[in-house]
Amino acid sequence: MKMLIFGIDGADWKFIIPLIQQGKLPNFKRLRDSGASGPLLTQKPPMSPVVWTTIMTGKVREKHNILNFYSNSGDLNSYRIWDILHKNGISCGTLSHLLTNPPDNKLLFQVPGWMSTSNLTNPPEYAIFKEWERKKKIPRNIPWILKNLSFKSIIALLKFRKNIKTKRKHPYYYLADEMVKADIFKRLVKRFRPQFASIMFYGTDFMSHKYIHRVFPEKFSPELLAKLGQTPNYIEQMYVLVDKKIGEILKLYSPEETNIIAVSDHGFNPAMPEKAFKYRLKGRPFISVLGKKKIKDYAVLGYVLNVFAEKKILEKLMQEIDAVTISENGKKLFKCTMQEDKLLVEFKTEFMTITSDINKMHFRFRNKEIPVSRIIGQVKRPGTHAKHGIFIASGPLFKSGYKFKEAGIQDVTPTI
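In this note's numbering, the protein residues as written are -14 to 401.
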């Protein structure tokens, strides 16, 4: 008997059921009809690394010790489901789970998720995939591409490159990333044949944050809709794509010998008008202000800029950045946290919403007056996390067509 897990970040029944009814998600429908399903209650605040760790350990945050986006794998105090299974002689492989850096070489395969700040993978040949995810740089290793990717994935990568300087850059990146990721997962499953395998999809979360106004326009004023802009229905495109990839992966497994779980960490609701726009640090412009020469690497994860350099340099940067204030009102602009080999930089939460006019603000750094708008950009966030995600358990061990009222995120690991 095998176990297959689909983690679908931010997946919500309010998107899935209408698309099932329209005949656009045949694989979600098949899993739902042939298994037990219902809403999955998350925890507050529903931060992805925290909730996914609860899902995969069965323990509350206070026990597993992953508390926020600053946490790393070294903070983890609990075994995740693949650790438990491996210790009991069950072969395992995971792809794109958070906080799996460095990857565990005792597993058949482990490719870390988007929070990873290095290109380490197991097997090491998939470092090329991590370079693509971390830097949005299309792989140039032609033999690797031809060996690992389908023709459709290659086309998706080229489509992203063509639109890299347009407003379609980010949705095309996530659509391409999920296609590439599914190709790699299929190849790893074929190669290693694990008894337990798990893959994460994050594009559903990104699209829901950015484009929920296309699905629920009635929840937004005409003025706000105009500001959010007309876009394709990327949420539908992403769900249809994930459904297709689930179907392709399921073809590698025997239905009579495989139990399947599809799960999300939270759902989505339209945001309040004042929270439909937020600000975040621009990684490259901010690094150019700090000075590139002594900085080894950087990555923007969520709203936090991770800066990598020698400890002495990071300590000096922390002092300089902590001292920065807004010229117009004297308020501190940044919050810094030191973590082993990196400095975490974020700006104060009072500058997160649309009510702050950064175009009129400046800050002084190394005797230079710099516009705040140079390093901080406004992003659309009309979608906000909701308290219920999804849970589907399908296969020989689960009751067909059963609909339960509610399960909790701590129920997933015991079910597995």
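Backbone N, C-alpha and C define an ideal beta-carbon position, used for all residues, glycine too. None of these values were measured; they are calculated from a predicted model.
- [ ] Determine the closest residue to Phe136 out of Pro108, Lys14, Thr322 and Val165, with distance taken between C-alpha atoms.
- [x] Counting from 1 along the sequence shown, the entry for residue 136 is found at position 151. Of the listed residues, the one whose Cα sits closest to Phe136 is Val165.
Open item on the list: Suppose the cutoff is 7 angstroms on Cβ atoms and the five residues either side in sequence are ignored; what does the same chain contact list for Arg172 look like?
Closed with: Working through the sequence shown from its first residue, we reach residue 172 at position 187. Excluding positions up to five away in sequence, the list reads Asn133.
Task: Rounded separation between Pro217 and Val200 - CA only - done: On the sequence shown, residue 217 is found 232 positions in, with the first residue counted as 1. On the sequence shown, residue 200 is found 215 positions in, with the first residue counted as 1. Roughly 10 angstroms between the two C-alpha positions.
TODO: Quick one: measure Cβ to Cβ for Leu160 and Met223, integer angstroms, because I've assumed they're closer than 8 angstroms.
DONE: Sequence index remark: in the sequence shown, residue 160 carries index 175 (1-based). Sequence index remark: in the sequence shown, residue 223 carries index 238 (1-based). Their Cβ separation, rounded to whole angstroms, is 7 angstroms, which keeps Leu160 and Met223 in contact under 8 angstroms.
Open item on the list: Does Leu209 come out as helix, strand or coil in the three-state DSSP assignment?
Closed with: To locate residue 209, count along the sequence shown from 1; it is residue 224. In the structure shown, Leu209 sits in a helix (DSSP, three-state: H, G or I).
TODO: May I ask you to verify whether the stretch 175 to 185 touches the stretch 145 to 158, counting CB pairs closer than 8 angstroms and requiring at least 3?
DONE: no
Open item on the list: Here's the rule: buried if 16 or more other CB atoms are within 10 angstroms of the residue's CB, otherwise exposed. What is Leu382?
Closed with: To locate residue 382, count along the sequence shown from 1; it is residue 397. When all chains shown are included, Leu382 counts as exposed.
Task: DSSP-derived helix/strand/coil call for Thr102 - done: Within the sequence shown, residue 102 is the residue found at index 117, counting from 1. It is coil, neither helix nor strand.
Open item on the list: Below 8 angstroms on the Cβ atoms is my contact criterion, and I expect Ser22 with Ile377 to pass it. Report the Cβ-Cβ distance as a whole number of Å.
Closed with: For the purposes of this step, residue 22 is identified with residue 37 of the sequence shown, where counting begins at 1. For the purposes of this step, residue 377 is identified with residue 392 of the sequence shown, where counting begins at 1. Indeed, because the Cβ distance is near 4 angstroms, the residues count as touching under 8 angstroms.
Open item on the list: Check for me: the beta strand (DSSP E) holding Asp(-3) runs from which residue to which?
Closed with: Position 12 of the sequence shown, counted from the first residue, corresponds to residue -3. Premise fails: Asp(-3) is in no beta strand (DSSP E) and is neither H nor E.
Task: Status (buried if at least 16 other CB within 10 Å, exposed otherwise) for Ser206 - done: Taking the first residue of the sequence shown as 1, we reach residue 206 at position 221. With fewer than 16 Cβ atoms within 10 Å of its Cβ, Ser206 is classed as exposed.
Task: One or two residues paired with Asp407 in a DSSP bridge - done: Nothing about residue 407 can be read from this structure; the chain reaches only from -14 to 401.
Task: Asp396 (DSSP reduced to helix, strand or coil) - done: For the purposes of this step, residue 396 is taken as the residue at position 411 of the sequence shown. DSSP places Asp396 in helix when its eight states are reduced to three.
- [ ] State the DSSP-derived secondary structure class of Ala141, mapped to helix, strand or coil.
- [x] Translated into positions along the sequence shown, residue 141 becomes position 156. Looking at Ala141 - three-state DSSP - the assignment turns out to be helix.
- [ ] Can you tell me which of Ala112, Leu10 and Lys72 puts its alpha carbon nearest to the alpha carbon of Val227?
- [x] Indexing the sequence shown from 1 puts residue 227 at position 242. When only C-alpha atoms are compared, the closest one is Leu10.
Task: Three CB pairs or more closer than 8 angstroms across the stretch 256 to 270 and the stretch 286 to 295 - done: yes
Open item on the list: Does Ala256 come out as helix, strand or coil in the three-state DSSP assignment?
Closed with: Taking the sequence shown and counting its residues from 1, one reaches residue 256 at position 271. In this structure, Ala256 counts as coil in the three-state DSSP scheme.
Task: For Ala308, three-class secondary structure by DSSP - done: By 1-based counting over the sequence shown, the position of residue 308 is 323. In the structure shown, Ala308 sits in coil (DSSP, three-state: anything other than H, G, I, E or B).
- [ ] Determine the direct distance from the alpha carbon of Leu105 to that of Asn86, and round the result to whole angstroms.
- [x] As a first step, residue 86 must be located in the sequence shown, where it is residue number 101. As a first step, residue 105 must be located in the sequence shown, where it is residue number 120. About 7 angstroms.
- [ ] Measure the CB-CB distance between Lys327 and Val357 and report whether it falls below 8 angstroms.
- [x] Residue 327 sits at position 342 when you count from the first residue of the sequence shown. Residue 357 sits at position 372 when you count from the first residue of the sequence shown. Contact flag unset, no.
Task: Whole-angstrom distance between Glu354 and Phe319, CA atom to CA atom - done: Residue numbering aside, residue 319 sits at position 334 when the sequence shown is read from its first letter. Residue numbering aside, residue 354 sits at position 369 when the sequence shown is read from its first letter. In a straight line, the C-alpha of Phe319 is about 16 angstroms away from that of Glu354.
Open item on the list: Nearest by alpha-carbon distance to Asp190: which of Pro31, Phe332 and Lys14 is it?
Closed with: Mapped onto the sequence shown, residue 190 falls at position 205. Checking every option, the nearest Cα to that of Asp190 belongs to Pro31.
- [ ] Kindly list the residues whose CB is nearer than 6 angstroms to the CB of Asn344, restricted to its own chain and excluding five residues on each side of it in sequence; keep chain order.
- [x] The sequence position of residue 344 within the sequence shown is 359, counting from 1. Excluding positions up to five away in sequence, the list reads Ser358.
Task: Glu110 versus Asp282 - alpha carbon distance - done: Indexing the sequence shown from 1 puts residue 110 at position 125. Indexing the sequence shown from 1 puts residue 282 at position 297. Cα-Cα distance, rounded: 21 angstroms.
- [ ] Look at the alpha carbon of Ile1 and the alpha carbon of Thr243, and state the distance between them as a whole number of angstroms.
- [x] Locating residue 1 in the sequence shown gives position 16, where the first residue counts as 1. Locating residue 243 in the sequence shown gives position 258, where the first residue counts as 1. Spanning the two alpha carbons is a distance of roughly 23 angstroms.
Open item on the list: To the nearest angstrom, how far is the alpha carbon of Ile339 from that of Ala247?
Closed with: On the sequence shown, position 354 is the one that residue 339 refers to. On the sequence shown, position 262 is the one that residue 247 refers to. The predicted position of Ile339 is uncertain, since its pLDDT is 48 and thus under 50; no value can be drawn from it.
- [ ] Give me the Cα-Cα distance between Phe145 and Lys121, rounded to the nearest whole angstrom.
- [x] For the purposes of this step, residue 145 is taken as residue 160 along the sequence shown, with counting starting at 1. For the purposes of this step, residue 121 is taken as residue 136 along the sequence shown, with counting starting at 1. Distance between the alpha carbons of Phe145 and Lys121 is about 9 angstroms.
Open item on the list: Using C-beta distances below 8 angstroms, list every residue in its chain close to Leu213, excluding the 5 sequence neighbours before and after it, in chain order.
Closed with: Locating residue 213 in the sequence shown gives position 228, where the first residue counts as 1. Within the same chain, Leu213 has close Cβ partners His198, Phe205, Ala261, Lys365 and Pro367.
Task: Start and end residues, alpha helix (DSSP H) containing Lys175 - done: As a first step, residue 175 is located in the sequence shown; it is residue number 190 there, counting from the start. It spans Lys154 to Phe177 - the alpha helix (DSSP H) in which Lys175 sits, taken as one unbroken run.
Task: Rounded separation between Glu406 and Tyr187 - CA only - done: Given a span of -14 to 401 for the chain in the structure shown, any question on residue 406 remains unanswerable.
Open item on the list: Tell me the residue span of the beta strand (DSSP E) that contains Ile377.
Closed with: For the purposes of this step, residue 377 is taken as residue 392 along the sequence shown, with counting starting at 1. Here the beta strand (DSSP E) through Ile377 covers His373 to Ser379.
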